[in-house]
Ligand code: ATP
Ligand code: IP8
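Written out as structure tokens, the structure reads:
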């Protein structure tokens with residue numbers, strides 16, 4: 548089994564609210580189809596849909612006005628579903644038969660981490676020969692009422708549940724750099740260890756300056772790398788990179804290296 552998280556930075560233009568990159572999404576579908584890989588679970592991120600709506604309602608803020616939550620929760624969920632609908636349509640036209648499943652209907656978090664998860668529908672979709680497509684979402688939370696659940700966390704949890712041997716995060720840059728590449732003068736890191744990610748996250752001594760979405764992605768990804776799962780971050784805006792990463796060809800990008808990389812094919816007992 549393989550899990551691919553299609554980043555919102557690729558599927559949408561994050562600088563423009565509700566902007567869908569139809570051409571890029573279609574080309575990524577072509578790449579997935581041409582690998583012939585059937586054992587695959589797809590997840591997409593929020594990009595200029597979910598993030599934009601959640602921000603508009605202040606859902607990210609501590610001490611948010613309670614009265615705004617139900618509406619913001621609903622609107623953000625609807626925004627994500629709109630992006631899913633667009634993807635399903637484009638993917639279908641390209642011969643990629645995805646079956647969309649809403650994260651908030653199968654997952655409940657506790658303090659932002661997935662606590663309950665119902666995966667039977669994902670299993671049955673796969674058995675039917677359909678590719679499950681999930682997405683980052685606003686979900687119910689046992690303690691906080693709701694949480695914003697990233698597609699990255701979903702990808703990691705599903706990879707563990709389904710004993711994936713490989714997880715690919717598709718983003719709009721070539722991989723992990725020593726600083727945000729959009730600021731210029733950054734160098735691509737071809738392999739990054741879980742240890743150096745921990746140092747960055749805990750403010751330890753490291754030249755890495757990773758912020759926002761990328762640091763959370765790396766922290767999530769390290770959970771998998773530590774268990775020996777192959778984890779890659781590749782650029783979905785560059786044609787052929789996702790294809791190569793799926794079929795296991797050498798690809799420009801970043802690999803996250805954990806402690807038990809060799810021989811591991813599944814989750815721990
Ligand atoms: P989404 O959450 O919408 O699905 P995504 O998963 O596609 O988005 P982001 O969370 O936006 O991706 O992360 C990609 C962005 O991270 C890049 O556009 C890049 O500018 C930024 N970034 C910041 N620091 C770094 C870094 N050190 N290396 C690589 N990218 C970085
Ligand atoms: O883009 C975020 O998912 P992500 C989902 O994978 C929402 O972090 C609702 C913003």
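Residue numbers (the working numbering): 548 to 816.
All residues carry an ideal CB built from backbone N, CA and C; glycine is no exception.
Predicted model, so just to flag it, every value in this text is computed and none were measured.
Integer-rounded CB distance, given that residue 637 should sit under 8 angstroms from residue 569:
Rounded, the Cβ-Cβ distance is 6 angstroms, consistent with contact.
Apply the 10 Å Cβ neighbour rule to residue 796 and answer buried if 16 or more other Cβ atoms are within range, or exposed otherwise.
It counts as exposed.
Taking a contact to mean a Cβ-Cβ separation below 8 angstroms, would you say residue 558 touches residue 634 in this structure?
By the CB criterion at 8 angstroms, residue 558 and residue 634 fall inside the cutoff.
Give me the residue from 615, 803, 761 and 790 with the minimum Cα distance to residue 778.
Out of 615, 803, 761 and 790, 803 has the C-alpha closest to the C-alpha of residue 778.
For residue 712, the first and last residue of its enclosing alpha helix (DSSP H)
No alpha helix (DSSP H) holds residue 712; DSSP gives it neither H nor E.
Identify, in the order they occur along the chain, each residue of the same chain with its Cβ nearer than 8 angstroms to the Cβ of residue 784, setting aside the five sequence neighbours on each side.
Closer than 8 angstroms at Cβ, skipping near neighbours: 557, 571 and 719.
Closer than 7 angstroms: is that where the CB of residue 559 sits relative to any heavy atom of the ligand IP8?
Because no heavy atom of the ligand IP8 lies under 7 angstroms away, the Cβ of residue 559 does not count as near it: no.
Terminal residues of the beta strand (DSSP E) in which residue 686 lies:
In the DSSP assignment, residue 686 falls within the unbroken beta strand (DSSP E) covering 684-688.
Quick one: any contact between the region 681-701 and the region 721-735, if contact means 3 or more CB pairs under 8 angstroms?
Cβ pair count under 8 angstroms is below three, so no.
So the beta strand (DSSP E) residue 662 belongs to, where does it begin and stop?
Here the beta strand (DSSP E) through residue 662 covers 660-664.
Tell me whether residue 728 counts as near the ligand ATP, meaning its Cβ is closer than 7 angstroms to at least one heavy atom of that ligand.
Flag set: Cβ of residue 728 near the ligand ATP.
Roughly how many whole angstroms lie between the Cα atoms of residue 739 and residue 801?
The straight-line gap from Cα to Cα measures roughly 7 angstroms.
Listed by chain order, which residues have C-beta atoms less than 6 angstroms from any heavy atom of the ligand IP8?
Contact residues of the ligand IP8 (beta-carbon closer than 6 angstroms to any heavy atom; chain order) are 555, 592, 593, 597, 598, 601, 623, 627, 683, 684, 685, 695, 697, 698 and 699.
Residue 760 beta carbon near the ligand ATP (any heavy atom closer than 7 angstroms):
Yes.
Would you tell me roughly how many angstroms separate the C-alpha atoms of residue 769 and residue 682, rounded to the nearest one?
Approximately 20 angstroms, taken between the alpha carbons.
Any non-hydrogen atom of the ligand ATP closer than 7 angstroms to residue 764 Cβ:
Yes, since a heavy atom of the ligand ATP falls inside the 7 angstroms radius drawn around the Cβ of residue 764.
Short of 6 angstroms in beta carbon distance, which residues of its chain neighbour residue 722, apart from the five on each side in sequence? Order them along the chain.
For residue 722, where only same-chain residues beyond five positions count, the Cβ hits under 6 angstroms are 735, 780, 800 and 801.
Under the three-state DSSP convention, the category residue 555 falls into:
In this structure, residue 555 counts as helix in the three-state DSSP scheme.
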